[in-house]
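Asks:
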Amino acid sequence: MSKFQLSEWVLLTSQKGKKWLVQVADAPFSSHLGGIHLGDVVGREEGDWLVTSKGAKLMLFRPALQDYIFNMKRRTQIIYPKDLSAMIFYSDIYPGCVVLETGIGSGALSLALLRAMCGRGKLISIEKRAEFAVDARENIRRFFGAAPENHEIIVADIEGVCLSCEVDRIFLDLPEPWRAVSNMSGMLRMGGLLVSLSPNVGQIQLTHRQLQANGFGDIVHFELLRRDWKVDQLRARPFDRMVAHTGFITVAKRVSAERGDPLESVPGDSEG
Ligand SMILES: C[S@@+](CC[C@H](N)C(=O)[O-])C[C@H]1O[C@@H](n2cnc3c(N)ncnc32)[C@H](O)[C@@H]1O
178 MSKFQLSEWV LLTSQKGKKW LVQVADAPFS SHLGGIHLGD VVGREEGDWL VTSKGAKLML
238 FRPALQDYIF NMKRRTQIIY PKDLSAMIFY SDIYPGCVVL ETGIGSGALS LALLRAMCGR
298 GKLISIEKRA EFAVDARENI RRFFGAAPEN HEIIVADIEG VCLSCEVDRI FLDLPEPWRA
358 VSNMSGMLRM GGLLVSLSPN VGQIQLTHRQ LQANGFGDIV HFELLRRDWK VDQLRARPFD
418 RMVAHTGFIT VAKRVSAERG DPLESVPGDS EG
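Counting in the numbering used here, the sequence shown runs without a single skipped number right up to 449 at its last residue.
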């Protein structure tokens, strides 16, 4: 593993799991645990640690994507890692696929998609608010070190967008996803997947109806709850608090209209 260098990101992690994402620089860093000089990170490796002026140990790691998205500039709600990871897996994203997402918001989903696409294929992100497109572009550039060549951001309302190419996957993170479905369905190839995230039941009901009316089948809706556990010498039990409801994930496939009505999915069908 390479050694830390000036200006790269380092995730300082206390022994109790408190984290700070900072850039390595010739500058001091301080917290309630005491101070260190960030220049001392240079030349160390991941997993090394520094001792603060108060004697606390700070472990040094390179940030994972989940560390970065909670620290980047965000003026919109972002998709939480528990949902992001499921959306990436259940959409069956692969290097080389062509993906359309809307809206880009702060770029959390775009980052996860671009990571999974490994620099291949293309991600087209549609966002109606120019200021959010600017934030997302900058968040993505900072994470990768340069703007990925396979990423295009278009500032527009999705309801008026018409692409000249067909895409393999569509992602919706919109307040009114059902309004985008009929326009977007024609841009998705047959068999392509659409994935939508919505916090409210009413949103998924309206989206479900629009998906059925626009040639989608195998439609499933689910939510994921993550409950962390506290484990030490004396205890093994769930933490008192958890991130419970964030949103419902909808996954649907585009099917051929000539082959009859799209199949309704039966609850539990998809997990065998
Ligand atoms: C919750 S944010 C998306 C967050 C993003 N998925 C992320 O992970 O950072 C919703 C975004 O959709 C955009 N939006 C809402 N309606 C839209 C529309 N009709 N066309 C394009 N973008 C839209 C909003 O401006 C906002 O930036």
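Every residue gets a Cβ at the ideal spot worked out from N, C-alpha and C, and that includes glycine.
1. Where do the N-terminal and C-terminal ends of the beta strand (DSSP E) with Arg346 fall, by residue?
2. Could you tell me the alpha carbon to alpha carbon distance between Asn391 and Leu227, rounded to whole angstroms?
3. Just checking my contact of Ile521 with Phe425 at CB under 8 Å: how many whole Å lie between their CB atoms?
4. Return the CA-CA distance between Gly449 and Leu290, expressed in angstroms with no decimal places.
5. Which residues mark the beginning and the end of the alpha helix (DSSP H) in which Leu374 is found?
6. Indicate, with yes or no, if ligand 1 has a heavy atom lying under 7 Å from the CB of Phe399.
7. Could you give the DSSP three-state label for Asp334: helix, strand or coil?
8. Bridge partners of Met264, per DSSP?
9. Please state whether DSSP places Gln182 in a helix, a strand or coil.
10. Can you name, in chain order, every residue of its own chain whose Cβ lies under 8 Å from the Cβ of His385, other than the five neighbours on each side?
11. Using 8 Å as the threshold, is the segment 284 to 303 in touch with the segment 244 to 255, meaning 3 or more CB pairs across them?
12. For Asp345 and Leu365, I'd like the C-alpha separation in whole angstroms.
13. At which residues does the beta strand (DSSP E) containing Ile396 begin and terminate?
14. Near Val372, what residues of its chain come up, given a Cβ to Cβ distance below 6 Å and the 5 sequence neighbours on each side ignored?
15. Can you tell me whether Ser302 is buried or exposed? The criterion is at least 16 other CB atoms within 10 Å of its CB, across all chains shown.
16. Are there 16 or more other CB atoms within 10 angstroms of the CB of Asp417, so buried, or fewer, so exposed?
Replies: Looking at the coordinates:
1. Val344 to Leu349
2. Each residue's Cα considered, the two are about 57 Å apart.
3. The structure shown does not extend to residue 521, since the chain is modelled only from 178 through 449, so no value can be given for it.
4. Because Gly449 carries a pLDDT of 46, less than 50, the predicted location of this residue cannot be relied on, and the following value inherits that uncertainty. Within the model, the alpha-carbon separation for Gly449 versus Leu290 is close to 27 Å.
5. It is not in any alpha helix (DSSP H) - Leu374 instead sits in the beta strand (DSSP E) that spans Leu365 to Ser375.
6. no
7. Three-state result, Asp334: coil.
8. The partner list for Met264 (beta bridge, DSSP) is empty, contrary to what the question assumes.
9. coil
10. Ile396, His398 and Thr427
11. yes
12. 6 Å
13. Phe393 to Phe399
14. Met264, Ser268, Phe348 and Val428
15. buried
16. exposed
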